[in-house]
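Before any comments, here is the structure.
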Amino acid sequence: MKNIVLIGFMGSGKTEVGQRLAKRLGYAFVDTDKIIEERIGKGIADVFWEYGENYFRRLEAGVVKELSDARGHVISTGGGIVLNRENILSLKKGGLMVWLKASPETIYERVRSESHRPLLNVEDPLNEIKRLLDAREKLYAEANLSVDTDRLDVGKIVDIIVDACDRVAGKK
């Protein structure tokens with residue numbers, strides 16, 4: 001398998017699951033947001049505030065194009081990566097795309113104390129989460145596999161993804 005790509009809303013568990021999954025499979029772990037932060041020398045929130053979301057999305061698309069040809073990576077993506085159709089196509093071409101799903105309430109509990117989430121710096125963050133999830137759900141649903149992370153621990157989520165990879169590779 002080329003790559004395993006984790007998509008989903010912020011707070012769905014992409015980073016933690018991705019790190020554990022990469023370790024288990026012996027893959028490299030990469031985070032598209034971290035790559036952008038390292039290249040720009042600024043945090044994602046700063047990029048949003050200083051340059052705007054459109055600029056950030058262009059940077060993100062460039063990183064996706066680079067990673068789509070890689071092999072042996074677990075790729076954790078930003079929550080809005082699916083907003084660009086080319087990103088979805090590139091990431092699916094590059095490997096198994098897994099949607100880590102979580103309810104708006106779970107997401108809010110996981111991220112409410114984090115100040116680096118630029119899209120949630122609004123008066124009613126839970127309502128904004130619901131609005132954004134509604135707008136993105138059909139895009140996330142294009143993944144090859146979806147896993148509801150609300151009531152599962154990280155180890156179980158990793159097991160589900162590894163089993164799916166084995167099935168795709170014909171090992172099960």
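Residue 1 is where the sequence shown starts when you use this note's numbering, and the numbers rise one by one after that.
Don't be surprised by glycine CBs; every beta carbon is placed ideally from N, CA and C.
TODO: May I have the straight-line CA-CA distance separating residue 99 from residue 90, to the nearest angstrom?
DONE: 15 Å
TODO: Sort out for me which residues DSSP pairs residue 10 with in a bridge.
DONE: In DSSP, residue 10 forms no bridge with anything.
Task: Reduced DSSP secondary structure (H/G/I, E/B, other) of residue 3 - done: strand
Task: the segment 34-53 / the segment 99-109 touching (three or more Cβ pairs under 8 Å) - done: no
- [ ] List in chain order: all unbroken alpha helix (DSSP H) runs of 4+ residues lying wholly within the segment 53-134.
- [x] 53-67, 85-93, 104-111
Open item on the list: Do residue 96 and residue 158 count as a contact pair if the criterion is CB distance below 8 Å?
Closed with: no
Open item on the list: Suppose the cutoff is 8 Å on Cβ atoms and the five residues either side in sequence are ignored; what does the same chain contact list for residue 15 look like?
Closed with: 31, 76
Task: Own chain, CB closer than 6 Å to residue 80, minus 5 neighbours either side, in chain order - done: none
Open item on the list: For residue 42, which residues in the same chain have their Cβ closer than 8 Å to its Cβ, ignoring the five residues on either side in sequence?
Closed with: 50
Task: Reduced DSSP category for residue 25 - H, G, I as helix; E, B as strand; rest coil - done: helix
- [ ] Using three-state DSSP, classify residue 145 as helix, strand or coil.
- [x] strand
Open item on the list: Considering Cα atoms alone, identify which of 7, 3, 2 is closest to residue 141.
Closed with: 7
- [ ] Indicate whether residue 73 and residue 143 have their beta-carbon atoms separated by less than 8 Å.
- [x] no
Open item on the list: Using 8 Å for Cβ pairs, my map puts residue 131 next to residue 82. What's the rounded Cβ distance?
Closed with: Actually they are not in contact, since the Cβ atoms of residue 131 and residue 82 sit about 15 Å apart, beyond 8 Å.
Open item on the list: Can you tell me whether residue 150 is helix, strand or coil according to DSSP?
Closed with: coil
TODO: Sort 67, 61, 153 by Cα distance to residue 85 and report the nearest one.
DONE: 61
Open item on the list: Please report the straight-line C-alpha distance between residue 58 and residue 9, rounded to a whole angstrom.
Closed with: 19 Å
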